[in-house]
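Peer 1:
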Amino acid sequence: MIDEKYYRIFYPKQVLLITTCDRDGKPNIATIAWHMPVSVEPPLIAVAIGKARHTKKLIEATNEFVLNIVPESLKQQAKLCGSVSGKRTDKFGASALTPEPSMQVKPPSIKECLANIECKVVSSYDASDHVIYIGEVVHIKQSEKKEGEKIRVLVDAEDELSGYEKP
Ligand SMILES: Cc1cc2nc3c(=O)[nH]c(=O)nc-3n(C[C@H](O)[C@H](O)[C@H](O)COP(=O)(O)O)c2cc1C
């Protein structure tokens, strides 16, 4: 019998914020740790999104998403965006994170993040309780690092940030 939290063996993992929006442009943010680059040319990234997530519905509405690289300083915001659903909560409002227009896609970027990776979905795969979306990177915005500045990205050491709301 495999423990249902078997995936913890892969931690620590870098935590990202994924931004999406509906066809009217209403945005949402969710926290994800299941992501990886899967091709260099073309540049492709895979994300695994739970079937009950509002994020899944929104990715399918526009076929676009933005992956935002999170500094450690945004740990509380990442906890929030990973514990409530955009079905009920305006997470930009609740987290006080700032939406910024993206360059090539409709979902906004998060201003406070270290980089914003804009993606267009090129394929998707059913993975039982998650769907894997493959996004082609169409634009990357990276914030300038000041000389000598040490910025750490947010890492979830052992699934400690999660406190999932029931779908
Ligand atoms: C640290 C952390 C990592 C997470 N990683 C993922 C993930 O990779 N895929 C996923 O579908 N949900 C993940 N979640 C759960 C979602 O962020 C959570 O269910 C969120 O409420 C979904 O919001 P939505 O319904 O607005 O899409 C993670 C949560 C946390 C706190």
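Numbers in the working numbering are just positions in the sequence shown, counted from 1, shifted up by 295.
Virtual Cβ for every residue (Gly too), placed ideally from N, Cα, C.
Bear in mind the structure is a predicted one, so any value in this text is a computation, not a measurement.
Buried or exposed: where does A373 fall if 16 or more other Cβ atoms within 10 Å of its Cβ makes it buried?
Peer 2: The residue you call residue 373 lines up with position 78 of the sequence shown. Buried, by the Cβ-count rule.
Peer 1: Looking only at C-alpha atoms, which of D421, K436, S334, A422 sits nearest to E395?
Peer 2: Residue mapping note: residue 395 aligns to position 100 of the sequence shown, counting from 1. Minimum Cα distance to E395 is reached at K436.
Peer 1: Tell me which same chain residues have a C-beta within less than 8 Å of the C-beta of R447, skipping the five on either side of it?
Peer 2: If you number the sequence shown from 1, residue 447 lands on position 152. So the list reads P366, E367, once near-sequence residues are dropped.
Peer 1: Run the proximity test for N363: is its beta-carbon closer than 7 Å to any non-hydrogen atom belonging to ligand 1?
Peer 2: As a first step, residue 363 is located in the sequence shown; it is residue number 68 there, counting from the start. N363: no, Cβ never under 7 Å from ligand 1.
Peer 1: Output the residue ranges of the alpha helix (DSSP H) runs that lie fully inside the segment 379-440 and measure 4 residues or longer, sorted by chain position.
Peer 2: List check, alpha helix (DSSP H) in window: 386-390.
Peer 1: Got a sec: does ligand 1 put a non-hydrogen atom nearer than 7 Å to the Cβ of H425?
Peer 2: Mapped onto the sequence shown, residue 425 falls at position 130. For ligand 1, at least one heavy atom lies less than 7 Å from the Cβ of H425.
Peer 1: Nearest-angstrom Cα distance between I344 and G443?
Peer 2: Translated into the one-based positions of the sequence shown, residue 344 becomes position 49. Translated into the one-based positions of the sequence shown, residue 443 becomes position 148. Straight-line Cα distance between these residues: approximately 36 Å.
Peer 1: Note down the Cα distance separating F360 from V400, rounded to an integer number of angstroms.
Peer 2: Residue mapping note: residue 360 aligns to position 65 of the sequence shown, counting from 1. Residue mapping note: residue 400 aligns to position 105 of the sequence shown, counting from 1. Straight-line Cα distance between these residues: approximately 7 Å.
Peer 1: Just to confirm my understanding: we take P337, look at its own chain, exclude 5 residues before and 5 after, and list those with CB closer than 7 Å. What are they?
Peer 2: Mapped onto the sequence shown, residue 337 falls at position 42. Hits under 7 Å: E431.
Peer 1: Helix, strand or coil for K346, going by three-state DSSP, please let me know.
Peer 2: The residue given as residue 346 occupies position 51 in the sequence shown. In this structure, K346 counts as coil in the three-state DSSP scheme.
Peer 1: Would I427 and V416 qualify as a contact pair, given that the criterion is a beta-carbon distance under 8 Å?
Peer 2: Within the sequence shown, residue 427 is the residue found at index 132, counting from 1. Within the sequence shown, residue 416 is the residue found at index 121, counting from 1. No, the pair does not count as a contact, with Cβ atoms beyond the cut-off.
Peer 1: Taking the DSSP output, what are the residues bridged to F360?
Peer 2: Start at 1 with the first residue of the sequence shown, and residue 360 comes out as number 65. C414.
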